[in-house]
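These notes concern the structure reproduced below.
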Amino acid sequence: MNSKPTVLNIDSVTKDFGGLRAVDDVSFKIRQGEIVGLIGPNGAGKTTLFNIISGYYPPTKGKIVFKGNNISGLSPFKLAKLGIGRTFQIVKPFAGLTVLENVMVASLLRYPKKKEAEEHSWKILEFTGLADRAYMQAAGLTLAGRKRLEISKALALEPSLLLLDEVVAGLNPAEAAKTVELIFKLKEDEGITILIVEHIMRVIMSISDRIVVLNYGRKIAEGKPEAIAQDPIVIQAYLGEED
Amino acid sequence: MELLPQAIVDGLLIGGIYITIAIGFSLAYGVMHIIDFAVGEWIMLGAFLGFYLHKGTGIDPFILLPVVFLVFFGVGYIFQPLIHRVLSGKRGNPVLMGLVFTFGLALMFRGIALTAFGFYTHSIPAKFFQGSLFFQFGNFFVTIPMIRLAGLIYALSITAILHYLLKNTDFGLAVRALAQHKESAGLMGVNAKKTGSYVYGIYVGISAMTGVIIGSIFSINAQMGADYTVFAFFVVVLAGMGYLAGVPWAAFLLGLVQSFFLIYLSPSYTLLAVFGILYVILLISPKGLFAKGV
Amino acid sequence: MHRKILIFGVIFVIALATIPLLVHDTFYLRVITEAIMWIGLAITWDVIAGYTGYLNFGHGAFFGIGAYTTAILMMRAHWPFGLALIAGGLASGLTAAFIGAPTLRLRGAYFAIATWALARALQQLALVLNFTGGPDGMRLPPFLNPEFFFYAMLTVVVITFAGLWILLEFAPFGLKLKAIREDEAGAMALGLNPTSLKIQSFVLSALPTGIIGGVYAYWITYIDPASVLGDLVTDQAVVMAVFGGLGTLVGPAIGAVLLFAFKTYFWAYLSDYQVLYLIILGAVIALSVVFLPDGLWGTILKYKSSKSPMPLRNDTGETK
């Protein structure tokens, strides 16, 4: 596995908001074709790190290297062009547009002609299982539908790296199983590298090749799921959250 | 050069009035996230209420201020649920609809005022504050009309009362919680709707009172609203939207700009200067002079 | 779908073009010409407001810039009408880029404020400058040919409508603008550059507005700050688009025709109560927002789509 090239290198990234340090000197690498899980208690800095990687915040210190290029501080739309797709934890589809139109907006990045973008969007919707709701207003989707639409939009960008933020949490077990299956398909069939934030331990443990644990903005552990599950520091961090 | 101290003093005296125009407006923005295009019209309507009350009763306008406040507090309190409804609409982009809504209100109020009050210009004479203070330092002369001084004192009192309310009462705590974080304020037991109604009532009430003061210092007519709307925007953008502490400084700056144009250039360039400064600020520091806006 | 609309549009335009052959009464021809003008002003306002989600409360400024630029170039520089007209459109477009660049990076409220302040400042500017004629305004060389102006206005508005239709409904540009309107941060993650798209949209809205202003100036032969830079242009465009239906081209066009017909009737019979008109404008805007947020056309579209058989199943979150 180590022979695979590094897709994303997060190099001592720090982010301050005023006096608050949300991400503190975090470094790790993601290799091609891997699924890396990012976990940690509430407020550990996972979503902030996502926002830094996807260009919504510039890092205060450190840099992000994507396929050999320093991308820190680039705007989100440039990163989308370079091949980084992301979903949002708080799913906010373009409510006034149909499901198909939502995905088409993303497809236009690789297929600037409307007709081709539409064809591509249909393929994505077939793949993610939303095709039967294509003409529905996105505002009318259930939570599960919205989360799947989030993934569809990110996929329509044809990304080489996909950042998934809580795409399983909040779904019922049947829906969750379907989404997990979808993520595996992305890895196996499409060869997409994935960084995933997820609250549900069972999911993250089964899905990830490797796991990075954050607490109070710092990386406290990194390793195989089995090792992480046994790691006393990680257990301590999660137990600390309970009380 | 002899006019310089006068220009500065005039500017500060006018600027005081602009604090009260902008502070309620900024508060309403901070809490309800509404940009009220009718701000100038509230001022105008308040001024006319003061004018007719004064005409009918002969009571000094400064004594009428609490009455005007109460009436317009009530009006604002009644209007707020409608605005709340628009802003919490399910349709995408409720903020946009809120802007359109108050724009429509402004047009309607202007039309109603023109119909009811005509195109005439009036003033509201305040008996209590007549004459002027006169100072001389060597070659420099400064005249301070009592009425303008009274206006400044009114403005500073309103600011002080508001400051006290926000810092030292439960209501103030709720307002600050709402301004900072809507969702978590709800969790803390703040009733967003009710607090919003009070805030909107206070804002409309203060604006209406300020209209009366403007009527006794300058003059009033049914079309005056639009200019004061521009002034309110100017102060609030310069201060940083929703950043109350910046309001006095921005208001005094506007007063100075206005008095310098009045004395040294021509008042007809004032709006141009206001726009020019607004543009430059938006270009270089969109969050206001203190970079604290939202 | 698009072919049907195209055929319908062509027939409609041909029908409009025959009007001067049938209507010889100059009053009615003038009314129809102005109605067409308002269609143009309402749809151009809707480009930035309805499609992109940014409210321009100074649309009248772009109309006025076009009118004044055309007038000044014709009167002071003796340019021919056609050339002066194009310059008027460009001046409006450039002003939009100038105003849009700093304000469209920010929240919508800033943009609404800046455009509103711009309109007031420009009115003031036209009042104090010499080459605009100050409060006296400007007279253009009279060219009393109602048919010419009917066709000039029709041509400009039809080209504008067709151009906007192609860009906003046919090409992907409109979809991108709508995405920005719905969720700007989300749109960025999908590769859209919001600031650039918003500025393009604003220029696209302002440029034809300036050209319409230029045609108007030459047609009416007299412009002053109150008539072409006053509030009424913006106020009416807003009512027409909001009442007709934001985010569509047909809605504002319908709104324009309805409101203008009402205004003409109102002016003819109730000219003593002109200020009542303002109340009506304001009330229509406020009531539309509360009770008809999709506008007339948007509501009809919704009703139609709820009646048509849905090719979809209920959304249960499950798929086969």
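Residue numbers (my numbering), protein chains in the order written: chain D, 927 to 1169; chain B, 24 to 317; chain V, 6 to 325. Where a beta carbon is used, it is the ideal one built from N, C-alpha and C, also for glycine.
Chain V within 9 Å of residue i, Cβ atoms only
i	result
residue 36(B)	no
residue 100(B)	no
residue 1081(D)	no
residue 964(D)	no
residue 84(B)	no
residue 1007(D)	yes
residue 275(B)	no
residue 1075(D)	no
Counterpart residues of residue i in DSSP-defined beta bridges
i	result
residue 227(V)	144(V)
residue 1063(D)	1024(D)
residue 1140(D)	1145(D)
residue 168(B)	155(B)
residue 963(D)	1122(D) and 1137(D)
residue 934(D)	956(D) and 992(D)
residue 946(D)	943(D)
residue 243(B)	145(B)
residue 972(D)	Answer is none; residue 972(D) lacks a bridge partner.
residue 216(B)	DSSP output for residue 216(B) lists no bridge partner at all.
residue 987(D)	940(D)
Straight-line Cα distance separating residue j from residue i
i	j	result
residue 289(B)	residue 105(V)	29 Å
residue 213(V)	residue 161(V)	8 Å
residue 321(V)	residue 1053(D)	Residue confidence is low: residue 321(V) scores 39 on pLDDT, short of 50, so the model does not pin down where it sits. Its coordinate-derived value is still stated next. The straight-line gap from Cα to Cα measures roughly 18 Å.
residue 103(B)	residue 128(V)	33 Å
residue 236(B)	residue 77(B)	12 Å
residue 116(V)	residue 1023(D)	24 Å
residue 177(B)	residue 66(B)	15 Å
residue 48(B)	residue 273(B)	14 Å
residue 138(V)	residue 93(V)	17 Å
residue 1055(D)	residue 1047(D)	12 Å
residue 195(B)	residue 268(B)	15 Å
residue 121(B)	residue 73(B)	29 Å
residue 130(V)	residue 48(V)	27 Å
residue 41(V)	residue 158(V)	7 Å
residue 149(V)	residue 223(V)	10 Å
residue 244(B)	residue 144(B)	5 Å
Proximity test, Cβ basis, 9 Å: residue i and chain B
i	result
residue 152(V)	no
residue 187(V)	yes
residue 272(V)	no
residue 253(V)	no
residue 115(V)	yes
residue 70(V)	no
Own chain, CB closer than 7 Å to residue i, minus 5 neighbours either side, in chain order
i	result
residue 53(V)	59, 61, 206, 207 and 210
residue 254(B)	41, 44 and 277
residue 33(B)	282
residue 1079(D)	1028, 1029 and 1032
Cβ-based neighbour list, residue i, same chain, cut-off 8 Å, excluding 5 preceding and 5 following
i	result
residue 316(V)	Confidence in residue 316(V) is poor, its pLDDT being 47 and thus under 50, which makes the residue's placement too unreliable to answer from.
residue 1069(D)	1017, 1096 and 1097
residue 1104(D)	1055
Any non-hydrogen atom of the ligand PLP closer than 8 Å to residue i Cβ
i	result
residue 181(V)	This structure lacks the ligand PLP; in fact it carries no ligand of any kind.
Proximity test, Cβ basis, 9 Å: residue i and chain A
i	result
residue 9(V)	The structure shown has no chain A; the protein chains it does contain are D, B and V.
Any chain D beta carbon closer than 9 Å to residue i
i	result
residue 309(V)	no
residue 197(V)	yes
residue 257(V)	no
residue 191(V)	yes
Same chain, Cβ closer than 6 Å to residue i, neighbours up to 5 away in sequence not counted
i	result
residue 228(B)	92, 95 and 96
residue 252(B)	62 and 63
residue 1144(D)	950
residue 966(D)	972, 1139, 1140 and 1141
residue 101(V)	207, 208 and 211
- Task: Quick one: which unbroken alpha helix (DSSP H) runs of 4-plus residues sit fully inside the stretch 998-1052 of chain D? Chain order, please.
- Result: 1002-1008 and 1025-1033
- Task: For the stretch 127-160 of chain B, list the beta strand (DSSP E) runs that are entirely contained and at least 3 residues long, ordered along the chain.
- Result: 155-160
- Unbroken alpha helix (DSSP H) runs of length 4 or more, entirely within the stretch 1077-1110 of chain D: which are they? none
- Message: Suppose only complete runs of 4+ residues qualify. What are the alpha helix (DSSP H) ranges in the stretch 230-313 of chain V, listed by chain order?
- Response: Whole alpha helix (DSSP H) segments, 4+ residues: 230-234, 236-249, 255-274, 279-296 and 300-312.
- Task: Report the residue ranges of all alpha helix (DSSP H) runs contained in full by the stretch 263-300 of chain B; include only those spanning at least 4 residues, in chain order.
- Result: 270-287
- Message: Please give me, in chain order, every unbroken run of the alpha helix (DSSP H) with length at least 4 that falls completely inside the stretch 14-82 of chain V.
- Response: Assignment of alpha helix (DSSP H) within the stretch 14-82 of chain V, counting only whole runs of 4 or more residues, yields 24-27, 31-51 and 64-81 in chain order.
- Item | Every unbroken alpha helix (DSSP H) within the stretch 33-108 of chain B, with a cutoff of 4 residues, ordered by chain | 62-80
- Segments of 4+ residues assigned as alpha helix (DSSP H) that fall wholly inside the stretch 178-226 of chain V: 178-187, 189-194 and 199-225
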